[in-house]
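Q: Before I ask anything, let me first share the structure, which is written out below as structure tokens.
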Amino acid sequence: MEKALYPMIFKRKSFHLFSKIDHISQSELEHIEKHYKQFTPLSADIKTAIRIVPANKTSCKRWQEYCILLYSERKENYLQNIGYIGEQLDLYLASLGIGALWFGIGKPDERTYNGLDFVIMIAIAKVADNKFRKDMFKSKRKPLDEIWYGEHYRQIGNIVRFTPSACNTQPWKVVAEEKSLTVYRYKKPGKRGIMPADKVAHYNRIDIGIFLCFLELCLMEKGISFEREIFTDTSNDDCEQVPTANYTLS
Numbered sequence: 000m001e002k003a004l005y006p007m008i009f010k011r012k013s014f015h016l017f018s019k020i021d022h023i024s025q026s027e028l029e030h031i032e033k034h035y036k037q038f039t040p041l042s043a044d045i046k047t048a049i050r051i052v053p054a055n056k057t058s059c060k061r062w063q064e065y066c067i068l069l070y071s072e073r074k075e076n077y078l079q080n081i082g083y084i085g086e087q088l089d090l091y092l093a094s095l096g097i098g099a100l101w102f103g104i105g106k107p108d109e110r111t112y113n114g115l116d117f118v119i120m121i122a123i124a125k126v127a128d129n130k131f132r133k134d135m136f137k138s139k140r141k142p143l144d145e146i147w148y149g150e151h152y153r154q155i156g157n158i159v160r161f162t163p164s165a166c167n168t169q170p171w172k173v174v175a176e177e178k179s180l181t182v183y184r185y186k187k188p189g190k191r192g193i194m195p196a197d198k199v200a201h202y203n204r205i206d207i208g209i210f211l212c213f214l215e216l217c218l219m220e221k222g223i224s225f226e227r228e229i230f231t232d233t234s235n236d237d238c239e240q241v242p243t244a245n246y247t248l249s
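Counting in our numbering, the sequence shown runs from 0 upward without gaps.
Pasting the structure below:
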């Protein structure tokens with residue numbers, strides 16, 4: 000994964016509405032499509048692809064100029080994989096001055112592409128630099144002690160707790176030990192925001208992929224080497240806590 004994406008953690012924001020936008024050029028669109036192929040997947044054996052389409056080709060109405068449609072094979076952990084790759088895209092867009100919004104409920108013009116299924120879209124528009132986040136730490140997130148268990152690597156925990164998530168549900172827990180981090184997909188009983196009950200696990204799996212992207216960028220920034228083990232998440236929607244990944248640190 001590109002270590003240069005790390006500073007964009009502090010700049011990116013979710014643009015729930017776009018205003019006073021500039022046009023994204025055709026050459027910029029082509030550049031985004033080309034660069035997407037350089038992003039690191041969470042699971043190398045899962046095929047993914049993107050299509051960039053005009054706003055009116057989707058049901059998203061946030062005054063964006065385009066939407067990036069993300070497609071994938073349906074394999075184990077494909078949702079986590081899309082979150083992991085898609086967040087690299089989100090951060091990269093911020094480096095280009097392009098604002099973005101993960102838009103979960105949007106419907107595309109085409110549900111399949113090159114044999115792959117549509118998963119989620121990201122609405123985009125070029126915005127002024129002063130529209131991006133100025134102080135990430137003013138964002139509303141869970142306290143560190145609510146997601147990070149243990150006294151190790153708390154500086155990292157204080158960054159990754161600002162990972163974006165559907166309806167700001169922040170569905171993660173980390174058990175931090177001296178030589179390891181164990182990440183769990185976590186759903187507090189009775190808490191799902193405005194999401195339909197049957198969609199919570201779907202979007203939370205994407206969210207946890209986004210979280211792993213943030214976590215690994217932070218580890219890379221600190222110069223901490225790691226070996227990662229990803230667990231298959233086949234649990235039902237009623238599970239409160241599901242192991243997602245283990246990082247052995249050195």
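We put the beta carbon where it would ideally sit given N, CA and C, even for glycine.
Which residue comes first and which comes last in the beta strand (DSSP E) that contains Ser179?
A: From DSSP, the beta strand (DSSP E) with Ser179 extends over Ser179 to Tyr185.
Q: Between the Cα of Ala165 and those of His201, Glu176 and Lys130, spot the shortest distance and give me the residue it belongs to.
A: Nearest of His201, Glu176 and Lys130 to Ala165, Cα basis: His201.
Q: If we ignore side chains and look at the alpha-carbon of each, how far apart do Glu250 and Lys10 end up?
A: Lying before the first or after the last residue shown, residue 250 is absent from the chain, which here runs from 0 to 249.
Q: Going along the chain, which residues of its own chain have a beta-carbon closer than 7 Å to the beta-carbon of Val241, five neighbours each way excluded?
A: Within the same chain, Val241 has close Cβ partners Tyr183, Arg184, Asp232 and Ser234.
Q: Can you check DSSP and say which residues form a bridge with Lys172?
A: Tyr183.
Q: Classify Glu239 as buried or exposed, calling it buried when 16 or more other Cβ atoms lie within 10 Å of its own Cβ.
A: It counts as exposed.
Q: Alpha carbon to alpha carbon, how far is Ile146 from Tyr112?
A: Roughly 37 Å separates the two Cα atoms.
Q: To which residues of the same chain is Leu218 closer than 6 Å at the C-beta, ignoring the five residues directly before and after it?
A: The residues are Phe225.
Q: With distance defined between alpha-carbon atoms, name the residue in Asn55, Phe136, Asn129 and Thr181 nearest to Gly149.
A: Comparing Cα-Cα distances from Gly149 to each of Asn55, Phe136, Asn129 and Thr181, the minimum goes to Thr181.
Q: I believe Tyr70 touches Val126 by the beta-carbon criterion, under 8 Å. Please report the beta-carbon distance rounded to the nearest angstrom.
A: That pair is no contact at about 26 Å.
Q: In the DSSP output, which residue or residues are listed as bridge partners for Cys66?
A: BP columns for Cys66 point to Val52 and Ala122.
Q: With DSSP run on the structure shown, which of helix, strand or coil describes Glu239?
A: Three-state DSSP puts Glu239 in coil, outside helix and strand.
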